[in-house]
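Student: One structure follows; several queries about it will come next.
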Amino acid sequence: MATVRIPRKLVEFILLGPIDDRRQLQETPILGDVWIAFADKPEQPQDLLIGPYQTQPAGLVAADLACRLEMRRGKAPEADIAYLQGIVAARLTLSDVLLHVLPMTHWWRAERIEGGLLDGYDAGRIAHIVDYLIETAQVLIDAPRSASRRKPETGTVLTSRERLIALAGIIHWASTGPSSRSRSSRVPSPAEALGKLLGQIRGDAVAERLLALDWTNIRLPSPDDAALVWQVSLNRRAVPALEKSIPAVKADAARTLFNVSCKEIVWAVVDSGIDAKHPVFQDGVGNSRVKDSYDFSKIRQIISLDNLNEMTRRKRVAELLNESLANPPTADEAVAHLKELAEDARKNRPVHWGQVEKFVKLKTDTPPRSEHGTHVAGIIGADQGKAEERGFQSGMCPDIRLIDLRVLARTEADTEFSVIAALQFLRHLNERNRFMSVHGVNLSLSIPHDVRNYACGRTPVCEECERLVDSGIVVVAAAGNHGYKSFETLDGSFDSYAAFSITDPGNAEGVITVGATHRHWPHTYGVSFFSSRGPTGDGRMKPDLVAPGERIEGPLPEANWGQMDGTSMAAPHVSGAAAMLMARYSELIGRPRRIKEIICNSATDLGRERSFQGHGMLDVLRAFQSV
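Next up, the structure:
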């Protein structure tokens, strides 16, 4: 029997109710994006982020989950469980979430569930709940939205637990598919497909398959057990937020008039990697200004609790040790390090970044995965030298030093967890040195925000950015390239500008969020059509300002040059401006909120809506003159 895909429309209906009488928030600890992911691919595990409850250590949550899975399966969980400060990542099936994660949640205790999830729910009661939901949904599907539409009977009020049970049962039923399927070759419309699916779902079949799960041999919490988990979200994908733009923001004039040198400033670029061998990153004696390179795309394999298993450890060592590492340990040392990192969770210890560094620090000449990071780094710190004869300009800070943190590869490894790990590592570098060894970070990447899952600016990556700002590091992020979108309505599809389209981590309050404008004629063309618009979902003004982001000339790997577009190209202009301010006025080092205030208040008004342009266009010269 084939798997059936459950559409988002039905998932939201089950969780929240009909559109005319819909709850705005669902009360279960499993957020909407998780349900939608499981519904789209019911038979597959999903990569999840688990938020600890209140002050519970993430290591304790990770160790407890691993113990539950191991007890259940009689072997190492193989869920790739890993933890960072304040977050746990795990690759879990829906049954794993139902049987093991839910009993760890605060919601479980608030619902006062004393037995299992299905305690008090027999097959008949489950079938009744499912049939009621499906019958109600069928009324809405059969009658198009209109003033004369029949309203469904509303005699039953379902609890969040009952809605969770029904949706979990339907997804589990879908993972094996209905007992019979149509042989028609015609592709149905979305409405026809949903109507047909509703006709196939039977409460008794859903109840039978849900009850067939092995609900025995699971560890239920005692009344004295503290809640460990607050909520579960999807480990979201991170993607890139994709000529002579430096004069447009007056960086060259500020450099000359104020005699600015950024050679004592270090800027991190969290991206796809920098080609440190490119001539524009060489200093006056031929050494690369890319100080260090780190690869966080494999952080899960490094700090996973799966490494408690010896066979897994040795397999991981073979994958992790390669000629690109700067200071590779021996195979035996690597096995010991992975074991120690895995044991840290069970000993309630934070991540040992010194051990992690052995597996993530690369030789700086390691080729990048794509051209994106090199181009971004060039806008911040390219030094053209004699290349100016070809008509190119230097970057914002031609003598700045750079740190290369790689998280983007356009693969499933490009996750929010990897970005968070890179940001926490930056804090570690500053704490280790007891002084500001990293002054700022550029995040030219985009993670779409779903308002039903988290309050705006409160997602895991946004929270980590706030901690980074609080530690004294300037954080600059691209606004995203979702300013122009296609929309589907009952009257058809149309294209238009999209408000509230700022992406994470640009939604974070303390981050300097940058939209894009034309590189030559910003007053004429205003904000680029693709640049994400504000305000944020909770009503704050974003973007903070705009900078050139169209057809920006910059370095590409292997000593090449080329143009790229996007808010990814706008953000590094602002990173460079912040670095220049710290280089000229050292008292601003460690004061990212003051730097943000100076840059925003000195921006040039383009005469556009604040939700489009923020404070206006970056003006480095005016920023210097205002201090």
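Here this note's numbering is used: position 344 in the sequence shown is 331, and no number is missing along the way.
Glycine included, every Cβ here is placed at the ideal spot set by N, Cα and C.
Being a predicted model, the structure only gives us computed values, none of them experimental.
1) Can you tell me where the beta strand (DSSP E) holding residue 529 begins and where it ends?
2) Under three-state DSSP, which class holds residue 489?
3) Could you tell me which residues DSSP puts in a beta bridge with residue 74?
4) With distances taken between CB atoms, is the gap from residue 34 to residue 78 smaller than 8 Å?
5) Going by beta carbon distance, what residues of the same chain come within less than 6 Å of residue 8, once the five residues before and after it are set aside?
6) Between the Cα of residue 525 and those of 433, 391, 443, 552, spot the shortest distance and give me the residue it belongs to.
7) Since residue 404 contacts residue 287 with CB under 8 Å, what's their CB separation in whole angstroms?
8) Among 464, 489, 205, which one has its Cα closest to the Cα of residue 527?
9) Name the residue from 49, 112, 267 whose alpha carbon lies nearest to the alpha carbon of residue 277.
10) Could you give the first and the last residue of the continuous alpha helix (DSSP H) run that contains residue 551?
11) Using DSSP with H/G/I as helix, E/B as strand and the rest coil, what is residue 276?
12) Would you mind giving the Cβ-Cβ distance between residue 557 and residue 541, rounded to the nearest angstrom? I have them listed as a contact below 8 Å.
13) Quick one: give me the first and last residue of the beta strand (DSSP E) that residue 176 is part of.
14) On the DSSP bridge assignment, give the partners of residue 402 in chain order.
15) Compute the Euclidean distance between the alpha carbons of residue 426 and residue 254, then round it to the nearest angstrom.
16) Suppose you measure from the CA of residue 601 to the CA of residue 32; what does that come to, to the nearest Å?
17) Would you kindly work out how many angstroms separate the C-alpha atoms of residue 409 and residue 178, rounded to a whole number?
18) Take residue 199 as the anchor and find which of 246, 87, 82, 182 has the nearest alpha-carbon.
19) What span of residues does the beta strand (DSSP E) with residue 37 cover, start to end?
20) Unbroken alpha helix (DSSP H) runs of length 4 or more, entirely within the segment 534 to 589: which are they?
21) Just curious, the beta strand (DSSP E) that residue 319 is in, first and last residue?
22) With DSSP as the reference, label residue 9 as helix, strand or coil.
23) Between which residues of its own chain and residue 499 is the CB-CB distance below 6 Å, once the five residues before and five after are set aside?
24) Using alpha carbons as the reference points, say which of 516, 448, 16 lies closest to residue 223.
25) Quick check on this structure: which residue in 493, 221, 74, 43 has the alpha carbon closest to the alpha carbon of residue 407?
26) Going by C-alpha distance, which of 547, 123, 430, 243 is nearest residue 188?
27) Rounded to whole angstroms, what is the Cα-Cα separation between residue 196 and residue 115?
28) For residue 234, count the other beta carbons within 10 Å of its own beta carbon; 16 or more makes it buried, fewer makes it exposed. Which is it?
Tutor: Considering the structure as presented:
1) As a working mapping, residue 529 is identified with position 542 in the sequence shown. Premise fails: residue 529 is in no beta strand (DSSP E) and is neither H nor E.
2) Here residue 489 refers to the residue found at position 502 when the sequence shown is read from its first residue. Residue state, collapsed to three classes: coil.
3) Along the sequence shown, read from residue 1 onward, the residue named residue 74 stands at position 87. Bridge partners of residue 74: 71.
4) Here residue 34 corresponds to residue number 47 of the sequence shown, with the count starting at 1. Here residue 78 corresponds to residue number 91 of the sequence shown, with the count starting at 1. Against a cut-off of 8 Å, the Cβ pair of residue 78 and residue 34 comes out as a contact.
5) Looking up residue 8 in the sequence shown gives position 21. Only weak support exists for where residue 8 lies, its pLDDT of 49 falling under 50; the coordinates are left without a value.
6) The residue given as residue 525 occupies position 538 in the sequence shown. Among 433, 391, 443, 552, the Cα nearest to that of residue 525 is on 443.
7) Sequence index remark: in the sequence shown, residue 404 carries index 417 (1-based). Sequence index remark: in the sequence shown, residue 287 carries index 300 (1-based). Indeed, because the Cβ distance is near 7 Å, the residues count as touching under 8 Å.
8) The residue given as residue 527 occupies position 540 in the sequence shown. Nearest of 464, 489, 205 to residue 527, Cα basis: 489.
9) Taking the sequence shown and counting its residues from 1, one reaches residue 277 at position 290. The shortest Cα separation from residue 277 among 49, 112, 267 belongs to 267.
10) One-based indexing of the sequence shown puts residue 551 at position 564. DSSP places residue 551 outside any alpha helix (DSSP H); the residue lies instead in the beta strand (DSSP E), whose first and last residues are 547 to 551.
11) In the sequence shown, the residue the question calls residue 276 occupies position 289. Here residue 276 sits in coil by DSSP.
12) Sequence index remark: in the sequence shown, residue 557 carries index 570 (1-based). Sequence index remark: in the sequence shown, residue 541 carries index 554 (1-based). Approximately 12 Å separates the beta-carbon atoms of residue 557 and residue 541; this is outside 8 Å, ruling out the contact.
13) The residue labelled residue 176 in the question sits at position 189 within the sequence shown. First-last for residue 176: undefined, no H or E at that position.
14) Translated into the one-based positions of the sequence shown, residue 402 becomes position 415. Note: residue 402 sits in a beta bridge opposite 224.
15) Here residue 426 is taken as the residue at index 439 of the sequence shown, counted from 1. Here residue 254 is taken as the residue at index 267 of the sequence shown, counted from 1. Their Cα atoms are separated by approximately 6 Å.
16) Position 614 of the sequence shown, counted from the first residue, corresponds to residue 601. Position 45 of the sequence shown, counted from the first residue, corresponds to residue 32. C-alpha separation (whole angstroms): 41 Å.
17) The residue labelled residue 409 in the question sits at position 422 within the sequence shown. The residue labelled residue 178 in the question sits at position 191 within the sequence shown. Straight through space, the alpha carbons of residue 178 and residue 409 are spaced by roughly 43 Å.
18) Taking the first residue of the sequence shown as position 1, residue 199 is located at position 212. It is 82.
19) Walking along the sequence shown from the start, residue 37 turns up at place 50. Residues 33 to 39.
20) Runs of the alpha helix (DSSP H) spanning 4 or more residues and lying entirely within the segment 534 to 589 occur at 554 to 571, 579 to 588, in chain order.
21) Indexing the sequence shown from 1 puts residue 319 at position 332. No beta strand (DSSP E) contains residue 319, which is instead part of the alpha helix (DSSP H) from 318 to 333.
22) For the purposes of this step, residue 9 is taken as the residue at position 22 of the sequence shown. Below a pLDDT of 50, predicted positions are generally treated as unreliable, and residue 9, at 49, falls in that range; no measurement from the model is reported.
23) Here residue 499 refers to the residue found at position 512 of the sequence shown. 463, 531, 561, 583, listed in sequence order.
24) On the sequence shown, residue 223 is found 236 positions in, with the first residue counted as 1. Considering only alpha carbons, the answer is 448.
25) Taking the first residue of the sequence shown as 1, we reach residue 407 at position 420. Distances from the CA of residue 407 to each of 493, 221, 74, 43 were compared; the closest alpha carbon is that of 74.
26) Working through the sequence shown from its first residue, we reach residue 188 at position 201. With distances taken between Cα atoms, residue 188 lies closest to 123.
27) Taking the sequence shown and counting its residues from 1, the one referred to as residue 196 is at position 209. Taking the sequence shown and counting its residues from 1, the one referred to as residue 115 is at position 128. In this structure, the straight-line span from the alpha carbon of residue 196 to that of residue 115 is close to 15 Å.
28) Here residue 234 corresponds to residue number 247 of the sequence shown, with the count starting at 1. With fewer than 16 other Cβ atoms within 10 Å, it is exposed.
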